[in-house]
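These notes concern the structure reproduced below.
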Amino acid sequence: MTTTPPTSTHPRTTGRPARILLARSGRVSVAFRSRSLWVCAGLLVTTLVIAVLSLGTGDFVISPSNVLRTLFGDGATKDTFIIHTLRLPRLLTAVLVGIALGIGGTLFQSLSRNPLGSPDIIGFNTGAATGALFVILVFHGTANQTAVGSLIGGVATALLVYVLAITRGVHGYRLILVGIGVAAILTSVNAYLMTRAGLRDAQGAMVWLTGSLNGRSWEHVRPITLALVLLVPVALWLGRDLRFLELGDDTAGALGLKAERTRLLAVLVGVGLTALATASAGPIGFIALSAPQVARRLTGVPGPNVVPSALTGAVLLAAADLAAQRIFAPTQLPVGVMTGAIGGVYLAWLLSREWRKRRG
Amino acid sequence: MSTAPPADPDRRHNTRRVGLLVLAAVVLLVLMLISIAVGSKSISLGTVITEILHPTDSEDGIIIRSSRLPRTLLGLAVGIALGAAGALMQSLTRNPLADPGILGVNAGASVAVVGSISLFGLTDPSAYVWFALFGAAVASVLVYVLGSGGRAAATPVRLALAGAAISAALGAVVSGIVLLDRAAFDQFRFWSVGSLAGRPLEVLTELLPFLAAGSVIAVALARPLNALALGEDAGRALGASPTRTRVLGVLAVTLLCGASVAAVGPIGFVGLTVPHIARGITGPDQRWVIPYSMVLAPVLLLASDILGRIIARPHEIEVGIVTALVGAPVFILIARRNRMAAL
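Structure (structure tokens):
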């Protein structure tokens, strides 16, 4: 068997036994760890605070109390226009894309049992970028056509990686290796396209490649909302099965689980979520990689933490977008620059703290 | 007692390894000649050989000495460096995925190059060589320190995660600079493809000391790496210091990758693919894997460069693109066929 042992570093569980809450109704019973619940509540509050802050800041400052008043439909006309037309769609896109990337990342990482198995590493983002670059540089398409191009590129790449990785079942390491191989090919195709284009086109493409939330309107919010409504319940349901799968195919089989079917479904849902996120905001790096890792360390629960990962993704992306808008104001950096910088430094700090703690 | 894995009872095995290595070296030599001969103006192999042995001032002679020969020698040197660095990294981190791209070395060099272009307006590869080297060194030390924090040794996953974290942060800095500075972006997009073309011979001679030092360390580390492959305790018992081996290994990788990234830009996939092919031929003994990688990598690099010149005549496709197009499918094939568990 080629299954690799779970390679990620599990955080040490706390000394006292985890408190588990059980909710039963009829045939459905759900077990919550109270720490996970607290973490989710904390993340939710953080998201709201960031939301109020980013709705209130900008060239025109609105106080937090006025932001809240406007959101509840009782604000001044000017505030209402700025928040509802300009800032709210952008914020919602950030939050929703963050959720999609967080869940997509946790599904893929659980499938490959490796933090490196996230869509940004295994070629997904690169494929989406190739699709978009073709539309921008070769066909000179519009923004919507670019989104469609990225969607096609991303999905095709993911399916290619998945098909190439199948030899009597998909195994974690092979999925990552094949993904890295495909990503490398596409990266060089992208670089080739960039060198053959005019400077102006190439620069526009570069903004798209970095991932940006500039100028997002309600048009961008609707498709991703719809996708999340459809896909999140499936992801939640898959989360439990994937946790069993992480115990090994044999154990999962003994528990009555069809391993291959679960994997295929998880790949489809993960691809769908990541593809829509990419089509909405470009290939924003690092959220899919870091959100599940951060969530796992916050909750102390191994395996796919679907809800905490989703919320962590939302917090990370919303915070990154706020920072990208404000730090170099009036220059609006694409949010992808920030997610990379913040996410990278944060993951580095997290890893080093955890590894140093073990010294004792 | 030997520090190597149990010596082959069968001598023919070693004879076969030597034979194949010689064969690979012959192939490399032929490729070098072809690389000098092929281009927008074709030169016959006979002329190439006479020009090398007895230089003349004919048109062909000038083309050979001014552009084809430097390009071929650069390909040879960079190929050797990438092969050695790849083998070293994969063995050090015991990670089949290790390559300069994943462990952050390329990202470090890229930041330094972009920074130097943007801040100081450098335009010449031989001018930003030093920045690339410096950036590569800082990034690899950072990744190593982060990955080996705490008492326990740097495990493959730690190093790979640390590399991913640092690459992401540095990559973001690169795109930040490039988005704000048009001129730097225009330079950078051509550098970041990875090309052997248009580098003067001085680039090679400047970097040769680094490449040579890195290669010597790489070869010298083969034995300790073999010993450490048995596990840290066994390795220590066999007289190999894990810390010293790792520090020297990181030093060698930095010298090799930093110098080659500086010279030709980030060329992917050679360092990742070739050691896998080498291990497939020789088995896990580093005393063979490292030399094989150092011969096979320039074979791959030069063949890719020649291919890039042939398929797009009279234009050419940069070698970095061709290595990915050639190397990646081979790599995927290996990944599909073998079990390729952690090394």
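So the protein lines, in turn, are chains A and B.
For what it's worth, the numbering used here labels the leading residue of the first sequence as 3, then goes sequentially.
For what it's worth, the numbering used here labels the leading residue of the second sequence as 1103, then goes sequentially.
Glycine residues also receive a C-beta, built at the ideal position from the N, C-alpha and C atoms.
As the structure is a computational prediction, the values presented were derived from the model and not from experiment.
Report back the beta-carbon spacing between residue i and residue j to the nearest angstrom; my notes put them in contact at under 8 Å.
{"i": "G133/A", "j": "A316/A", "result": "About 25 Å separates the two Cβ atoms, so there is no contact after all."}
{"i": "L353/A", "j": "A1267/B", "result": "7 Å"}
{"i": "R1272/B", "j": "V1363/B", "result": "In the sequence under discussion, the amino acid at residue 1272/B is Leu, which differs from the Arg named in the question. Between V1363/B and L1272/B the Cβ distance is about 13 Å, and since that is not below 8 Å, they are no contact."}
{"i": "L1309/B", "j": "A1361/B", "result": "4 Å"}
{"i": "V271/A", "j": "A1274/B", "result": "The pair is not a contact, with the Cβ atoms about 28 Å apart (cut-off 8 Å)."}
{"i": "G241/A", "j": "P306/A", "result": "5 Å"}
{"i": "A160/A", "j": "F136/A", "result": "Going by Cβ atoms, the distance from A160/A to F136/A rounds to 17 Å, so no, they are not a contact pair."}
{"i": "V209/A", "j": "P332/A", "result": "That pair is no contact at about 16 Å."}
{"i": "A1207/B", "j": "A1241/B", "result": "Here the sequence assigns Val to residue 1207/B, which means Ala is not the residue at that position. Indeed they touch by this definition, with Cβ atoms about 6 Å apart."}
Given this structure, state the Cα-to-Cα distance separating residue i from residue j, to the nearest angstrom.
{"i": "L1133/B", "j": "R1438/B", "result": "29 Å"}
{"i": "P1198/B", "j": "V1376/B", "result": "11 Å"}
{"i": "M1191/B", "j": "A281/A", "result": "36 Å"}
{"i": "L201/A", "j": "L244/A", "result": "46 Å"}
{"i": "P225/A", "j": "H86/A", "result": "18 Å"}
{"i": "G342/A", "j": "V1129/B", "result": "43 Å"}
{"i": "A1195/B", "j": "P1344/B", "result": "Rather than Ala, the amino acid found at residue 1195/B in this sequence is Thr. Whole-angstrom Cα-Cα distance: 12 Å."}
{"i": "A1200/B", "j": "L211/A", "result": "25 Å"}
{"i": "V1150/B", "j": "G1296/B", "result": "26 Å"}
{"i": "V1305/B", "j": "L318/A", "result": "43 Å"}
{"i": "G346/A", "j": "R89/A", "result": "27 Å"}
{"i": "A1270/B", "j": "L1374/B", "result": "19 Å"}
{"i": "P1400/B", "j": "R1284/B", "result": "34 Å"}
{"i": "R218/A", "j": "W1293/B", "result": "33 Å"}
{"i": "A1229/B", "j": "A193/A", "result": "23 Å"}
{"i": "T1352/B", "j": "T1225/B", "result": "What sits at residue 1352/B in the sequence shown is Val, not Thr. V1352/B and T1225/B: Cα-Cα distance of roughly 29 Å."}
{"i": "L1176/B", "j": "I123/A", "result": "31 Å"}
{"i": "S292/A", "j": "L349/A", "result": "7 Å"}
{"i": "G104/A", "j": "H1115/B", "result": "51 Å"}
Within the 8 Å Cβ cut-off, does residue i reach chain A?
{"i": "I1268/B", "result": "yes"}
{"i": "I1434/B", "result": "yes"}
{"i": "R1438/B", "result": "yes"}
{"i": "L1427/B", "result": "yes"}
{"i": "A1430/B", "result": "yes"}
{"i": "R1284/B", "result": "yes"}
{"i": "A1264/B", "result": "yes"}
{"i": "S1242/B", "result": "no"}
{"i": "V1275/B", "result": "yes"}
{"i": "I1423/B", "result": "yes"}
{"i": "G1141/B", "result": "no"}
{"i": "R1291/B", "result": "yes"}
Closer than 6 Å by C-beta to residue i: which residues in its own chain qualify, once you throw out the five before and the five after it? Chain order, please.
{"i": "E1418/B", "result": "G1410, R1411"}
{"i": "A1264/B", "result": "V1245, L1248, G1249"}
If you drop the 5 nearest sequence neighbours on each side, which residues of the same chain put their C-beta closer than 7 Å to that of residue i?
{"i": "W220/A", "result": "P91"}
{"i": "I1136/B", "result": "I1408"}
{"i": "L139/A", "result": "L195, A199, D203, A207"}
{"i": "L94/A", "result": "V223"}
{"i": "T1347/B", "result": "L1323, P1326, L1327, L1330"}
{"i": "S1395/B", "result": "G1185, A1186, G1188, A1189, V1376, P1377, A1380"}
{"i": "R1119/B", "result": "T1384, W1390"}
{"i": "A1286/B", "result": "V1216, I1219, S1220, I1279, V1280"}
{"i": "G255/A", "result": "A261"}
{"i": "R328/A", "result": "T59"}
Quick one, which of the options has its alpha-carbon nearest residue i's?
{"i": "L50/A", "options": "G181/A, A321/A, F141/A", "result": "A321/A"}
{"i": "S1250/B", "options": "D1162/B, A1211/B, V1349/B", "result": "V1349/B"}
{"i": "A1211/B", "options": "S1220/B, R1196/B, F1233/B, L1306/B", "result": "F1233/B"}
{"i": "A1430/B", "options": "I1165/B, W1390/B, G1370/B", "result": "G1370/B"}
{"i": "I1182/B", "options": "A1426/B, A1314/B, S1160/B, V1120/B", "result": "A1314/B"}
{"i": "L313/A", "options": "P121/A, A96/A, G217/A", "result": "A96/A"}
{"i": "F288/A", "options": "L177/A, T108/A, G44/A", "result": "T108/A"}
{"i": "V1421/B", "options": "I187/A, L278/A, I286/A", "result": "I187/A"}
{"i": "V1432/B", "options": "V184/A, L73/A, L291/A", "result": "V184/A"}
{"i": "I84/A", "options": "I178/A, F62/A, A43/A", "result": "F62/A"}
{"i": "G1300/B", "options": "L1123/B, R1114/B, R1173/B, H1156/B", "result": "R1173/B"}
{"i": "T1307/B", "options": "G1206/B, N1116/B, V1231/B, A1209/B", "result": "V1231/B"}
{"i": "F246/A", "options": "L57/A, T264/A, G156/A, T48/A", "result": "T264/A"}
{"i": "A158/A", "options": "G213/A, A78/A, V269/A", "result": "V269/A"}
When the cut-off is 8 Å and only beta carbons count, does residue i lie next to chain B?
{"i": "G119/A", "result": "no"}
{"i": "Y364/A", "result": "In this structure chain A extends from 3 to 362, so residue 364/A is not present and cannot be described."}
{"i": "Q205/A", "result": "yes"}
{"i": "S112/A", "result": "no"}
{"i": "P336/A", "result": "yes"}
{"i": "R298/A", "result": "no"}
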